[in-house]
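Quick note, the sequence shown lines up with residues -24 to -1, 1 to 117 if you use mature numbering (1 follows the signal peptide of the UniProt record, and there is no 0). Below you'll find the structure, written out as structure tokens, and then a few comments.
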Amino acid sequence: MAVMGGAMLALPVAGLVAANSASAASSSTWDAVAQCESTGNWGISTGNGFSGGLQFTPSTWAAYGGTQYAASADQASKAQQISVAEKVLADQGPGAWPVCSVKAGLTAGGAPAQVDTTTTSTSTPAPAAKQSAPVQDTTPA
């Protein structure tokens, strides 16, 4: 869970954002944080005051520039959420996600995540097709 604070400058390069490597994390680490926070559902909005794969509050999402991508985190792509999360990590450290950062191994000082913030997909897997039970033949043999 992220809380409100200051912001950090990210460097856009041809649609890619790499946050300051002194505080960045890899995409796989962010996937692990999201798995812990939201079962990996980057498009989640449960109405509990947190949204997106990394469970941003509306105030944190706005304070760290998320509204340049979407009104709320659940409406932004995974890459856009990671871009905002990198800013939160740089400012607040891994304690912004107190339980899940420990479980996921999120630390300040990791390799930067190279993410394309120009995509709009939340990378939520499509629901599985509904399956029915097989019909059993009840005629006597």
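Ideal Cβ positions, reconstructed from N, Cα and C, are used throughout, including at glycine.
* Asked: Whose CA, out of A61, Q68, T94 and Y45, lies closest to the CA of T5?
  -> Locating residue 5 in the sequence shown gives position 29, counting from the first residue. Among A61, Q68, T94 and Y45, the Cα nearest to that of T5 is on A61.
* Asked: Quick one: what does DSSP say S77 is sitting in, helix, strand or coil?
  -> Against the sequence shown, residue 77 aligns to sequence position 101. Residue state, collapsed to three classes: helix.
* Using the Cα positions of K63 and N17, report the straight-line distance between them to the nearest angstrom. => Here residue 63 refers to the residue found at position 87 of the sequence shown. Here residue 17 refers to the residue found at position 41 of the sequence shown. The alpha-carbon atoms of K63 and N17 are separated by roughly 21 Å.
* **Three CB pairs or more closer than 8 Å across the region 72 to 87 and the region 51 to 59** => no
* Around the Cβ of Q44, are there at least 16 other Cβ atoms within 10 angstroms (buried) or fewer (exposed)? -> Numbered from 1 along the sequence shown, position 68 holds the residue referred to as residue 44. It is exposed - the Cβ of Q44 has fewer than 16 other Cβ atoms within 10 Å.
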